[in-house]
Amino acid sequence: VKYAGHESVNVCKVLNTTTISCFAPSLKAEYSMDQDTMKHVDEFGFIFNNVQALLTYNNTGFVYYPNPYLEPLSLSGVLEQKPGAPIILKGRNLVPSASGGARLNYTVLIGDRPCSLTVSDTQLLC
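The sequence shown begins at 661 in my numbering and counts up by one.
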């Protein structure tokens, strides 16, 4: 991936004869001026067994979305709750835009037990 004049590379993992798995390379943090907006990369491609056609593969809708961010629970890092009270985690970018109105599937555990979850772009309510 090339973005703002810098190149990032990730190594893919071969899963079987027809499938490879690749994590998206990160964008340099110092070049993402607005952490809350999606980024369109300047250039996207693959280095794959000397296949030249994939070196620059810019005919994609490849978009980077900002990382989700959760605020600290409290100044001490401990959240004191009354029994039965909902736990509210605050943050931003918790529900990025997705094609076709799709939504991310979150699982939140309290100890080893899942909680019933409601998610907005700025809150996780458990």
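Don't be surprised by glycine CBs; every beta carbon is placed ideally from N, CA and C.
Straight-line CA distance for residue i to residue j?
i	j	result
F704	P728	23 Å
I748	L784	6 Å
A684	G737	31 Å
F708	T677	14 Å
C682	K673	6 Å
E667	L730	28 Å
V671	K742	47 Å
V669	K662	9 Å
Y725	S686	11 Å
C775	A745	12 Å
T766	S734	For clarity, residue 766 is Tyr in the given sequence; the question names Thr instead. Each residue's alpha carbon lies about 22 Å from the other.
R773	F706	41 Å
For residue i, name the three-state secondary structure that DSSP assigns.
i	result
Q712	helix
Flag this pair as yes or no: are the beta carbons of residue i and residue j separated by less than 8 Å?
i	j	result
S780	L754	yes
G751	T782	yes
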